[in-house]
Structures are given as structure tokens and as C-alpha cells.
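Chemist: One structure coming up, written as C-alpha cells, with questions to follow.
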Amino acid sequence: MVTVLYFAALRERLGRASDWIDLEKPLPAGDLLARLRAADPVVEAAFSVPGTIRVAVGQRLADEATIVNPGDEVAFFPPMTGG
Amino acid sequence: MVTVLYFAALRERLGRASDWIDLEKPLPAGDLLARLRAADPVVEAAFSVPGTIRVAVGQRLADEATIVNPGDEVAFFPPMTGG
Amino acid sequence: MASVRILVSDTDFDTGQEISDLLQRSGEGAGGLGAFVGVVRGGSGLQSLTLEHYPGMTERILEGLVLEAVGRFSLSGCTVIHRVGCMNVGERIVLVLTASAHRAEALDAVRFLIDRLKTGAPFWKKEHYEDGAGSWVDAREADDWAAARWDTA
Amino acid sequence: MASVRILVSDTDFDTGQEISDLLQRSGEGAGGLGAFVGVVRGGSGLQSLTLEHYPGMTERILEGLVLEAVGRFSLSGCTVIHRVGCMNVGERIVLVLTASAHRAEALDAVRFLIDRLKTGAPFWKKEHYEDGAGSWVDAREADDWAAARWDTA
Chain A
54 MVTVLYFAAL RERLGRASDW IDLEKPLPAG DLLARLRAAD PVVEAAFSVP GTIRVAVGQR
114 LADEATIVNP GDEVAFFPPM TGG
Chain B
54 MVTVLYFAAL RERLGRASDW IDLEKPLPAG DLLARLRAAD PVVEAAFSVP GTIRVAVGQR
114 LADEATIVNP GDEVAFFPPM TGG
Chain C
25 MASVRILVSD TDFDTGQEIS DLLQRSGEGA GGLGAFVGVV RGGSGLQSLT LEHYPGMTER
85 ILEGLVLEAV GRFSLSGCTV IHRVGCMNVG ERIVLVLTAS AHRAEALDAV RFLIDRLKTG
145 APFWKKEHYE DGAGSWVDAR EADDWAAARW DTA
Chain D
25 MASVRILVSD TDFDTGQEIS DLLQRSGEGA GGLGAFVGVV RGGSGLQSLT LEHYPGMTER
85 ILEGLVLEAV GRFSLSGCTV IHRVGCMNVG ERIVLVLTAS AHRAEALDAV RFLIDRLKTG
145 APFWKKEHYE DGAGSWVDAR EADDWAAARW DTA
């Protein structure tokens, strides 16, 4: 099981803040996103909007090649705009 | 008449904060100081201690060539250490 | 050891109190305190801002940034407070305080932290306008550049 | 027009109040406030500091520096408070506050002002030690350099 979190514009477009997805073996974050998009047209639509998407794995900034392990928390979000 | 002010270590070495000196015509600040030193051994001693001395004429930073006019306020002091 | 305080808060902070506290915590070796206070800037009909964040990751990232600043700029103390939730124009969003023996380190550290906070911590701003419209703030390229220049410094 | 406040004072100032005041005075266009608070740093048996100044010239120089900073860094507001008289270790000496639309200008202006204040305004520090000794602080070459680098920037 992997917890998937969405933030900001991405969360709004999806209409929800999180998903849970079954995961038996490690997978790159990019492949995980491809599975999410394929499984749900709402996710597919939300991620089809042009614009940079960042990913965090285990609450650390990551990229599409970063390995996601069962039990990890994964988050997708637009570029950060703090300060 | 010119008001001459002394600050910080210079004031302490002199034992006074100001002098008045008669001045009928304009004079470079360096020449004014030479007159002050020649007129009073206490001034001569205070200015003989090695170290940079700065001068202000009319409350503006100046140098030895700056012309002092009758009525001006002239000040001598060590390098400034504010902040 | 440097004294560090990190807070993510949905209420306003007391800038004067935070400055006094940091000077107290930093001890006699502190000769200067640098600060930045970010404020919701008005204009173009902007009324308020909502700040969303990633609870857990935010604190982790802020702690990493602050510890990096402490080491890099020899800080004796550091405070970072970032507000989340809804804020009106004129309200404070963020506070960065640094204490150091010397002014250059304190001020450089403030600049480093605020540059990094802009693009390196999981916060997102949504603007709300008087006409009811709302839009997420785009990351500015200038901010990415400001954050990146510290990587090679 | 930028809102400017300059004060030479023999009593302590309220940092939080000064920050709130400056943000108020600067209006909605201010997005960031930069600050530096100078403090009497302890060590080597230092007990207190006496700050002497040149009344009249001090205010004139501070006003010139602040107006230069306002123009150079597009400030919407600026506050400079410099204490004179006797201060113990840990007490505040100087406060520089700048408000601007953007953080870079605000923080650069703080750096500019504090660098210039160190060697360009008629203040002199005398240190008093626990053993009764007292000595005037020598101007540091590093401070002259820090002030000079702004001349060509």
C-alpha cells in the first residue's frame, strides 16, 4: 500500500487530496504515476494540464526515477511558492 | 570667529570639547589646524599621538584642503566607529 | 550550539517578542540580528491569500534549511516562522531571524533562507481577488534563480 | 513617497513597535521588510559601551544615507535608530529597517545602510571592561572596505 497525496492546484483539479494504491514491489515514481493515470480518468485529466509537476517520496523531494517502496508516502504538487 | 569641536579620544586627550579661534579670511582646514597646534601646547600634544584624524567643515566630511570660512563650524575626530 | 526555532502556524506571530527571544537565546556572543518579514502585498484588486502546505514535509524541509544556514553562516541562533491558511493584504506571512557575532553573516543567512523558502519548501499560495476570482501563484523563474545561486556559492 | 524615520536616542527602542509602524507607514505596496538589530556583544570581560556622537552632523549624515538608500533600492519606507550614551552587554545599539516591494531590495538596503553607518556617520564607541579599563574602539579596515564596496556598485 502506498499513500499518494496531492496539493494546491493539482488537489483542486482532482477534487481530492489523497489516494491509496496497492503496491507489492518497488517501482519508480514515474511508473507509479502512470498507473494512477491509467486507473482513473480524473487523475488522467488533472495531470494532463500543462505545467511542471514535482514529486516527493517519503517527504523528500524526488524525481520520476526515485524508487517508491510499499508503505511509502508519495506526493505530487506544482512548483512551490512559499515565503 | 570659527568654532572648533573635538570628539572621542581627541576630546579626551585635550581635556576639552571645543575651541574658538579668530578668523578674518578663508583658510584651508589643514592650515587652521596648524595654527591651533602652534598656539597651544595641549593641542599640539593631543594631535601628536599617531593615528588617523578626520575633519568636518560645516558638519560635512572634509579634508585638509577644504576651505574654512569665518563663522564655520570645524570638527576634528578619529575614524568613526558606529553601528 | 545554536538555538533554533521553527514554527508553521495558522495564527499571526509577534515580531518584537520573537526578536527579543532570539537575542536572549543566542547569548552574549551575538552582535547582530538580521531579519526579514514577508507581508501580503496589495495591488491589482488582491484581497487575501491562502497558503497551503504539506504537513510533516514542511517542518522537515525547514529544519534542514535552518541547520544548513546555521553551519554555513556560523549562526548563534535562528528563527523561522511561516504562516499557513488565509491572510489579508498587509498581514505578515513569514519571519526569518538570524543571530550571529557579525552583521555580514547574519544578513547573508537571512537572504539564503528567504531565497530557499520561496521555492524549496512545500508551500503554495492562492490569491483571492475582490471580484471573487482566485488563482494559484505561479513559481517565478527569478525565485528559482535566487535559490539556485546558493548551490554553487 | 517613501516614509522615513531617523532617530538618535539615549534610550532603548521597541523593535516590534518600530516594525509595525514601518509596515503601516509603507502601505500596501510593501511586500517585505528587512531588518538589522545591532547588539553590544560580550566577551573578553567587556561590561559596557559608551557611544559618543556629533549632534547635528549625525542627523544630517543619517538623513543623507537613508535618502540614498531609498533611491538606490526603491524603498517604500525606512527607519534608522541609533542609540548614544551608555549601554551594557546585550543591549540594542542600532536598528535599521527597510520596506520594499521585493525582498532583494529590502535586504540589500539593510546591508548598505549598516555598512555605511559603521564608518560614515559620526559615532565613536568606547569600551569599558570589568577591570575598570576603558578604550576607544579602533576603526576596522574590514568596515572601511564594507562601506567602500558600495561606492562602485
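Chains as they are written, first to last, in this note's numbering: chain A, 54 to 136; chain B, 54 to 136; chain C, 25 to 177; chain D, 25 to 177. Note that beta-carbon positions come from the ideal geometry of N, C-alpha and C, so glycine has one too. Since we're looking at a predicted model, the values are computed, not measured.
Within 7 Å: the Cβ of D/Ala172 and any heavy atom of the ligand FMN?
Modeler: Inclusion of the ligand FMN in the displayed structure is not the case, the ligand content being empty and no account of it being possible.
Chemist: In chain D, what lies closer than 7 Å to C/Leu131 by C-beta?
Modeler: Residues of chain D passing the Cβ test: Phe60, Leu131, Val134, Arg135.
Chemist: In terms of residue numbering, what span does the alpha helix (DSSP H) encompassing C/Trp169 cover?
Modeler: 165-172
Chemist: Please classify D/Ser159 as buried or exposed, where buried requires at least 16 neighbouring CB atoms within 10 angstroms.
Modeler: exposed
Chemist: For the alpha helix (DSSP H) holding A/Lys78, just list the boundary residues, first then last.
Modeler: Counting along the chain, A/Lys78 falls outside any alpha helix (DSSP H), and DSSP gives it neither H nor E.
Chemist: Given a limit of 9 Å on CB to CB distance, which residues of the stretch 60-91 of chain B reach chain D?
Modeler: Answer in chain order: Phe60, Ala61, Ala62, Arg64, Glu65.
Chemist: Would you list, in sequence order, the uninterrupted alpha helix (DSSP H) runs of no fewer than 4 residues that lie entirely inside the stretch 117-160 of chain C?
Modeler: 127-144
Chemist: Would you say B/Met54 lies against chain D (beta-carbon separation less than 8 Å)?
Modeler: For B/Met54, the answer is no, since every Cβ of chain D falls outside 8 Å of its Cβ.
Chemist: How close, in whole Å, do the beta carbons of D/Gly40 and D/Ala130 come, if the pair is a contact with beta carbons under 8 Å?
Modeler: Not a contact, Cβ separation roughly 18 Å.
Chemist: I want to verify the contact list: residues of chain D whose CB lies under 9 Å from the CB of B/Ala128, in sequence order.
Modeler: Tyr78, Met81, Pro146
Chemist: With a cut-off of 8 Å, does the C-beta of D/Ile138 fall near any C-beta of chain B?
Modeler: yes
Chemist: Do the stretch 119-129 of chain A and the stretch 54-65 of chain B make contact, defined as three or more Cβ pairs closer than 8 Å?
Modeler: no
Chemist: Checking 8 Å against the spacing of the C-beta atoms, do D/Ile117 and D/Leu86 come in under that value?
Modeler: no
Chemist: List the residues of chain D whose Cβ lies closer than 8 Å to the Cβ of B/Gly124, in chain order.
Modeler: Going along chain D, no residue has its Cβ under 8 Å from B/Gly124, so there is no contact; the nearest lies around 15 Å.
Chemist: Within 8 Å (strictly less), CB to CB, does A/Ala109 reach chain C?
Modeler: yes
Chemist: Name the residue from D/Thr143, D/Arg127, D/Leu99, D/Ile105 whose alpha carbon lies nearest to the alpha carbon of D/Trp174.
Modeler: Considering only alpha carbons, the answer is D/Thr143.
Chemist: Mapping DSSP to helix, strand and coil, what is C/Ile85?
Modeler: helix
Chemist: What three-state label does DSSP hand A/Ile120 in the structure shown?
Modeler: strand
Chemist: Mind listing the chain A neighbours of C/His106? Cutoff is C-beta to C-beta under 9 Å, in chain order.
Modeler: Within chain A, the residues near C/His106 are Gly135, Gly136.
Chemist: Do the stretch 49-66 of chain D and the stretch 106-123 of chain D make contact, defined as three or more Cβ pairs closer than 8 Å?
Modeler: Touching, yes.
Chemist: Quick one: residues in its chain with C-beta nearer than 6 Å to the C-beta of B/Thr105, no 5 flanking neighbours on either side, listed in chain order?
Modeler: Pro132
Chemist: Considering only the beta carbon of each residue, do A/Leu85 and A/Ser71 sit closer than 8 Å?
Modeler: no
Chemist: CB C/His152 to CB C/Ser72, shorter than 8 Å?
Modeler: yes
Chemist: Judging by CA-CA distance, which residue of D/Ser44, D/Lys150, D/Ser124, D/Val90 is the nearest neighbour of B/Gly135?
Modeler: D/Lys150
Chemist: Give me whichever residues DSSP pairs with A/Ala70 in a beta bridge.
Modeler: Paired residues: none, contrary to the question.
Chemist: Starting from C/Gly40, follow the alpha helix (DSSP H) in both directions and report where the run begins and ends.
Modeler: Start and end: 39-50.
Chemist: Can you find a C-beta in chain B that's less than 8 Å from the C-beta of D/Arg116?
Modeler: no
Chemist: Would you report the Cα separation of C/Glu92 and C/Glu83, rounded to the nearest angstrom?
Modeler: 14 Å
Chemist: Following the continuous alpha helix (DSSP H) through B/Phe100, name the residue where it begins and the one where it ends.
Modeler: 94-101
Chemist: Which value, in whole angstroms, describes the spacing of the CA atoms of D/Arg127 and C/Asp139?
Modeler: 9 Å
Chemist: For A/Pro103, return the contacting residues in chain C, with the cut-off set at a CB-CB distance below 8 Å.
Modeler: Near A/Pro103 there are no residues of chain C at all, since even the closest Cβ is about 12 Å away, more than 8 Å.
Chemist: Whose C-alpha, out of D/Ala133, D/Gly109, D/Pro146, is nearest the C-alpha of D/Asp33?
Modeler: According to the sequence as given, residue 33 of chain D is Ser; it is not Asp. Here the closest residue by C-alpha is D/Gly109.
Chemist: Is there a C-beta anywhere in chain D that falls below 8 Å from the one on B/Pro132?
Modeler: A Cβ of chain D is located within less than 8 Å of the beta carbon of B/Pro132.
Chemist: Please classify C/Trp148 as buried or exposed, where buried requires at least 16 neighbouring CB atoms within 10 angstroms.
Modeler: With 16 or more other Cβ atoms inside 10 Å of its own Cβ, C/Trp148 counts as buried.
Chemist: With 16 as the cutoff for other CB atoms within 10 Å, does D/Glu42 come out buried or exposed?
Modeler: buried
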